[in-house]
Amino acid sequence: MEVTCSLGEQNYLAEITANDHQIKVDEPISVGGQNTYPNPTQYLLASLASCTAITMKMYADRKGWNLGNIEVNAKLKEVIDKDGKSYKKIVKYVHFEVNIDDKQKQRLLSIGSKCPISKLIEQPTVMEIH
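Structure representation (structure tokens):
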């Protein structure tokens, strides 16, 4: 899997190519962008939220469960631990349109926490730049 980013003359407006798809990325005005598209962190959170919802939907479909609309909200929070050190934490909030029982909900939340993007973010990933 691969994507290509092209950043031209317009401050921080990046064009991403992923197979036959085009995506644009920008930065907020506060850092010199034009705020015309989501920023990279928002796309990361969008990837996580959509992957979580899709994974839960696939599981529910196999089980024959009707969930209606699934809404996943992913938030990046800064947390300060008891020693005063700060770190980032991603929290996912899930809402199902259709009422389901607690056992189904817990199973779906467990499945959603194991979506491919969650696994990628949670486990060590080696990166190189050339």
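Residue numbers (our numbering): 3 to 132.
Every residue gets a Cβ at the ideal spot worked out from N, C-alpha and C, and that includes glycine.
What you are looking at is a predicted structure, and each value in this text was computed from that prediction instead of being measured.
Q) Does the count of Cβ pairs from the stretch 83-103 and the stretch 12-29 closer than 8 angstroms reach three? A) Inter-segment contact for the stretch 83-103 and the stretch 12-29 is absent: fewer than three beta-carbon pairs are separated by less than 8 angstroms.
Q: Give me the Cβ distance between residue 100 and residue 122, rounded to the nearest whole Å; I'm assuming they're in contact under 8 angstroms.
A: Here residue 100 is actually not in contact with residue 122; their C-beta atoms are around 29 angstroms apart, not less than 8 angstroms.
Q) Where do the ends of the alpha helix (DSSP H) carrying residue 44 lie? A) It spans 42-65 - the alpha helix (DSSP H) in which residue 44 sits, taken as one unbroken run.
Q) Where do the N-terminal and C-terminal ends of the beta strand (DSSP E) with residue 80 fall, by residue? A) Unbroken beta strand (DSSP E) run through residue 80: 72-82.
Q: Tell whether a beta-carbon distance below 8 angstroms holds between residue 112 and residue 53.
A: Taking 8 angstroms as the Cβ cut-off, residue 112 and residue 53 do not qualify as a contacting pair.
Q. For residue 28, which residues from the same chain have a beta carbon less than 8 angstroms from its beta carbon, with the 5 sequence-adjacent residues on both sides left out?
A. The residues are 14, 15, 16, 35, 36, 37, 38, 39, 40, 41.
Q. Out of 22, 93, 45, 72, which has the shortest C-alpha to C-alpha gap to residue 80?
A. Residue 80 has its Cα closest to that of 93, out of 22, 93, 45, 72.
Q. Could you give the residue range of the alpha helix (DSSP H) that holds residue 119?
A. In the DSSP assignment, residue 119 falls within the alpha helix (DSSP H) that extends over 118-124.
Q.
Distance check for residue 117 and residue 65, CA to CA, integer angstroms please.
A. Residue 65 and residue 117 have their C-alpha atoms spaced approximately 17 angstroms apart.
Q) Would a C-beta distance cut-off of 8 angstroms place residue 110 and residue 58 closer than the cut-off? A) Contact check for residue 110 against residue 58 passes: the beta carbons are separated by less than 8 angstroms.
Q: Spatial neighbours of residue 104 within its chain, please: CB distance less than 6 angstroms, with the 5 preceding and 5 following residues excluded, ordered by chain position.
A: Sequence-distant partners of residue 104 (beyond 5 residues in either direction) whose C-beta falls short of 6 angstroms from its own C-beta are missing from its chain.
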